[in-house]
Amino acid sequence: MSTQKHSFQAEVAQVLHLVTHSLYSNPEIFLRELISNAADACDKLRFEALDNSGLYESDPELRVRVSFDEKARTLTIDDNGIGMSVQEAIDNLGTIAKSGTREFTSRLTGDQKADAQLIGQFGVGFYSAFIVADKVTVETRRAGLPVSEGVRWQSDGTGDFEVASIERAQRGTSITLQLREDAQDFLNGWKLKSIINKYSDHISLPVQMEKEEWKDGEQEGEPGGMVKTGEWETINQANALWARPKKDITDEQYIEFYKSLSHDFEAPLAWSHNKVEGSTEYTQLLYIPAKAPQDLWNRDKHAGIKLYVKRVFIMNEADALLPSYLRFVFGVIDSADLPLNVSRELLQESRDVRAIRDGNTRRVLGLLESLADEQRTDAQSQEGKIDIGSGEATPAPESTADVTDVEDKNAAGKETATAAGASAEFADEAGKYARFYAEFGAVLKEGLGEDFANRERIAKLLRYASTQSDTVSVSLADYKARMKEGQKAIYYLTADNLAAAKSSPQLELFRKKGIEVLLMTDRVDEWAMGFLSDFDGTPLQSIAKGAVDLGDLQDEAERKAAEEAAEAFKPVLERLKAALAAEAEDVRVTTRLVDSPACLVVKDGQISTQLARLLKQAGQAVPDTRPVLEVNPAHPLLKKLEAADGAAFADLAHILFDQALLAEGGLPADPAAYVKRVNALLA
Numbered sequence: 001m002s003t004q005k006h007s008f009q010a011e012v013a014q015v016l017h018l019v020t021h022s023l024y025s026n027p028e029i030f031l032r033e034l035i036s037n038a039a040d041a042c043d044k045l046r047f048e049a050l051d052n053s054g055l056y057e058s059d060p061e062l063r064v065r066v067s068f069d070e071k072a073r074t075l076t077i078d079d080n081g082i083g084m085s086v087q088e089a090i091d092n093l094g095t096i097a098k099s100g101t102r103e104f105t106s107r108l109t110g111d112q113k114a115d116a117q118l119i120g121q122f123g124v125g126f127y128s129a130f131i132v133a134d135k136v137t138v139e140t141r142r143a144g145l146p147v148s149e150g151v152r153w154q155s156d157g158t159g160d161f162e163v164a165s166i167e168r169a170q171r172g173t174s175i176t177l178q179l180r181e182d183a184q185d186f187l188n189g190w191k192l193k194s195i196i197n198k199y200s201d202h203i204s205l206p207v208q209m210e211k212e213e214w215k216d217g218e219q220e221g222e223p224g225g226m227v228k229t230g231e232w233e234t235i236n237q238a239n240a241l242w243a244r245p246k247k248d249i250t251d252e253q254y255i256e257f258y259k260s261l262s263h264d265f266e267a268p269l270a271w272s273h274n275k276v277e278g279s280t281e282y283t284q285l286l287y288i289p290a291k292a293p294q295d296l297w298n299r300d301k302h303a304g305i306k307l308y309v310k311r312v313f314i315m316n317e318a319d320a321l322l323p324s325y326l327r328f329v330f331g332v333i334d335s336a337d338l339p340l341n342v343s344r345e346l347l348q349e350s351r352d353v354r355a356i357r358d359g360n361t362r363r364v365l366g367l368l369e370s371l372a373d374e375q376r377t378d379a380q381s382q383e384g385k386i387d388i389g390s391g392e393a394t395p396a397p398e399s400t401a402d403v404t405d406v407e408d409k410n411a412a413g414k415e416t417a418t419a420a421g422a423s424a425e426f427a428d429e430a431g432k433y434a435r436f437y438a439e440f441g442a443v444l445k446e447g448l449g450e451d452f453a454n455r456e457r458i459a460k461l462l463r464y465a466s467t468q469s470d471t472v473s474v475s476l477a478d479y480k481a482r483m484k485e486g487q488k489a490i491y492y493l494t495a496d497n498l499a500a501a502k503s504s505p506q507l508e509l510f511r512k513k514g515i516e517v518l519l520m521t522d523r524v525d526e527w528a529m530g531f532l533s534d535f536d537g538t539p540l541q542s543i544a545k546g547a548v549d550l551g552d553l554q555d556e557a558e559r560k561a562a563e564e565a566a567e568a569f570k571p572v573l574e575r576l577k578a579a580l581a582a583e584a585e586d587v588r589v590t591t592r593l594v595d596s597p598a599c600l601v602v603k604d605g606q607i608s609t610q611l612a613r614l615l616k617q618a619g620q621a622v623p624d625t626r627p628v629l630e631v632n633p634a635h636p637l638l639k640k641l642e643a644a645d646g647a648a649f650a651d652l653a654h655i656l657f658d659q660a661l662l663a664e665g666g667l668p669a670d671p672a673a674y675v676k677r678v679n680a681l682l683a
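In the UniProt record's numbering, the protein residues as written are 1 to 683.
Below, the structure written as structure tokens:
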């Protein structure tokens with residue numbers, strides 16, 4: 001194949017420019033990214049070679065090598081991993097975050113710090129090479145392909161790249177960076193070794209550099225210098241971080257391992273490192289990111305649980321090891337019991353995997369509970385809670401419960417080591433759990449419908465705004481603790497946003513009585529609450545569904561007055577039912593309005609009008625249901641309606657219904673007709 005020129009995706013040039021100019025404050029991260037990619041390539045080869053040992057091509061010792069040439073001003077990262085074919089090189093090196101490039105560029109702000117964080121969310125690690133290089137050359141050959149099917153990929157990081165066929169005896173990939181003038185300090189062995197030790201010490205295979213020795217000048221007065229010996233030496237520890245004793249791992253090492261694992265440029269919010277022994281033995285190192293990834297709402301895409309069996313890499317995105325509602329978690333699971341040839345299908349069926357999944361789920365929920373508890377009280381005063389900044393913790397009560405659960409599953413299981421931590425850079429922030437919840441709270445709510453066994457624990461972790469708090473900080477336990485005497489339910493309202501919720505007419509009676517109402521504004525809320533009928537024995541009730549019965553909180557005089565008003569207004573109700581037969585399932589006198597003329601509610605068991613709108617917007621089938629119109633006979637508009645007749649009555653009835661629809665975020669079925677009726681009323 002002759003040299004072929006290809007164009008990057010339309011947005012890639014913009015992203016490359018951003019990578020080059022937004023990450024200049026920490027340019028050394030390029031080496032971390034390229035070494036991490038090289039290690040992944042070796043892991044993939046090791047996995048594929050389980051079924052085809054010939055892929056090793058008589059070279060089974062996997063490694064990554066870093067070398068430099070001061071005269072040529074080049075830096076090379078070489079691996080003997082899986083390599084790439086021509087098409088793989090075009091696909092993998094010609095695109096950035098395949099499914100999310102357009103969204104990536106749409107979210108750029110121009111703020112270099114914010115955009116740099118965004119880079120980490122979209123995984124553009126390879127392109128970090130252009131932070132220090134004005135030209136990048138990749139030579140690669142996929143394991144198992146003939147020597148003649150090597151590939152050279154070359155780009156200067158602008159709009160195009162070139163691909164050519166070459167002969168390459170060595171399998172794997174070699175990336176050569178032509179360093180810019182201002183990046184020549186990376187042509188220094190000591191500096192490169194320090195970067196490798198800082199960022200890649202945890203890599204589980206050797207990262208090697210050529211040995212250097214000091215050599216005096218051959219003649220007197222001639223300066224000495226470092227000279228390469230031609231031998232390779234291993235720079236990193238070359239053993240899996242998660243397999244080390246926790247006492248030997250620093251916070252910085254935990255954080256750098258996370259960054260390598262996730263390709264995130266920001267430190268994680270918290271982590272948990274445990275070893276479980278018993279009939280199912282495994283090590284888990286789980287991280288909670290500080291920022292949500294761009295594809296968080298893709299339920300088929302899990303953030304990144306890597307599965308190892310006896311330290312042999314098996315697969316990325318092992319979604320069977322955590323439920324979907326925890327898909328934001330990154331980490332490593334290393335099992336001592338699963339077979340090396342485990343498949344995704346086997347993962348779904350394995351009893352051992354189910355035990356690991358349950359243990360992982362409990363561990364993440366326990367970590368979140370610790371973060372939530374910290375937000376309430378001083379972490380240092382609570383025995384066993386996370387020691388912020390230290391990276392370690394005394395096993396908390398939750399850890400004990402987790403171990404007990406593992407014992408129940410595994411007969412004689414016990415936890416032999418545990419470490420939990422949270423990044424020191426978040427230690428002074430107000431509420432790490434609040435930060436977590438702002439990023440991942442909506443996804444966590446999916447667990448109410450997916451994880452019956454942990455539903456109660458998940459419910460305790462949920463936070464909402466309320467009529468007493470504009471911040472999303474009210475737990476169900478908080479609400480229950482301040483319920484009024486005689487109150488028999490936890491009341492809530494779902495809406496499109498907080499402003500719409502706070503101005504909802506359904507709140508009027510509750511405000512008058514001083515009863516707190518939870519305000520739920522995530523799209524998932526209406527669906528999720530369908531799986532949570534009560535909390536700690538107290539029922540949850542939507543104030544937009546069914547009839548409102550405040551029980552002891554509504555005095556007898558109010559109840560009697562409402563019944564009398566309904567009886568006196570019966571003739572008008574019948575006329576309204578006839579006029580709105582196509583729009584409303586029923587029309588009745590309200591028990592919940594104080595100042596507004598009308599509102600819409602649905603019957604118990606029906607989906608709300610808000611959820612119906614969301615389903616319709618998503619192109620899903622919506623049950624054919626109509627809302628109930630509740631009217632307030634004491635309102636002047638209803639008194640005017642009572643006096644109207646004929647077409648005027650019908651117009652006022654439709655205005656009343658459409659305004660109630662608008663008040664809860666909906667739109668009239670016929671906006672033009674609504675405007676015409678309002679204009680006639682104003683004329």
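For every residue, glycine included, the Cβ atom is placed at its ideal position computed from N, Cα and C. On a predicted model such as this, the values are computed, not experimentally measured, just so you know.
Counterpart residues of residue i in DSSP-defined beta bridges
i	result
Gln178	Thr74, Lys135
Asp79	Val64, Thr173
Cys599	Glu630
Val312	Val309
Ser165	Val151
Cβ-based neighbour list, residue i, same chain, cut-off 7 Å, excluding 5 preceding and 5 following
i	result
Arg511	Thr467
Asn632	Thr590, Leu593, Ser596, Pro597, Ala598, Leu638
Arg523	Leu614
Ser7	Gly159, Asp160
Asp378	In this prediction, Asp378 has a pLDDT of 42, which is less than 50 and means its spatial position is unreliable; what the coordinates show is noted afterwards. Excluding positions up to five away in sequence, the list is empty.
Asp552	Gly486
Asp534	Leu540
Run of the alpha helix (DSSP H) containing residue i, from where it starts to where it stops
i	result
Lys445	Premise fails: Lys445 is in no alpha helix (DSSP H) and is neither H nor E.
Ile543	Note, Ile543: premise wrong, no alpha helix (DSSP H); not H, not E.
residue 691	Lying before the first or after the last residue shown, residue 691 is absent from the chain, which here runs from 1 to 683.
Val572	570 to 579
Val675	671 to 682
Straight-line gap, residue i to residue j (C-alpha atoms, nearest Å)
i	j	result
Val474	Arg455	18 Å
residue 696	Ala270	Given that the chain is displayed from residue 1 to residue 683, the structure contains no residue 696 and the question cannot be resolved.
Gln170	Ser53	16 Å
Ser279	Arg180	55 Å
residue 766	Asn92	The question about residue 766 has no answer here: the residues shown for the chain are numbered 1 through 683.
Phe126	Gly331	21 Å
Lys259	Ile305	14 Å
Glu57	Ala143	8 Å
Gly94	Gly189	31 Å
Leu681	His635	17 Å
residue 694	Leu55	Residue 694 lies beyond the range of the chain shown here (1 to 683); nothing can be said about it.
Glu516	Ser542	12 Å
Gly172	Phe68	19 Å
Sequence-distant residues of its chain with Cβ nearer than 8 Å to residue i (five each side left out)
i	result
Leu667	Leu661
Ala495	Ala501, Ser504, Leu519, Met520, Thr521, Gln610, Glu664, Gly665
Glu450	Pro323, Ser324, Tyr325
Gln4	Glu162, Val163, Ala164
residue 723	One cannot answer for residue 723 here, as it falls past the ends of the chain, which runs 1 to 683.
Glu650	According to the sequence shown, residue 650 is Ala rather than Glu. Excluding sequence neighbours, Ala650 sits near Ala579.
Close-in-space but distant-in-sequence residues of the same chain around residue i (CB under 6 Å, 5 per side omitted)
i	result
Thr283	Trp242, Lys275, Asp334
Gln382	Its pLDDT being 40, under 50, Gln382 is placed unreliably in this model, and the value from its coordinates should be taken loosely. Hits under 6 Å: none found.
Glu583	Phe657
Arg73	Leu179
Ile195	Glu28, Leu31
Lys488	Gly551
Residue i, enclosing beta strand (DSSP E) - first and last residue
i	result
Pro268	Taken as a continuous stretch (DSSP letters only), Pro268 belongs to no beta strand (DSSP E), as it is neither H nor E.
Lys215	207 to 215
Phe126	Run containing Phe126: none; DSSP gives neither H nor E here.
Gln284	282 to 288
Ser466	464 to 466
Ser204	It is not in any beta strand (DSSP E) - Ser204 carries neither H nor E in the DSSP assignment.
Met84	No beta strand (DSSP E) contains Met84, which DSSP labels as neither H nor E.
Thr229	225 to 234
(message) Which complete beta strand (DSSP E) runs does the stretch 503 to 559 hold, if anything under 3 residues is left out?
(response) 518 to 520, 538 to 542
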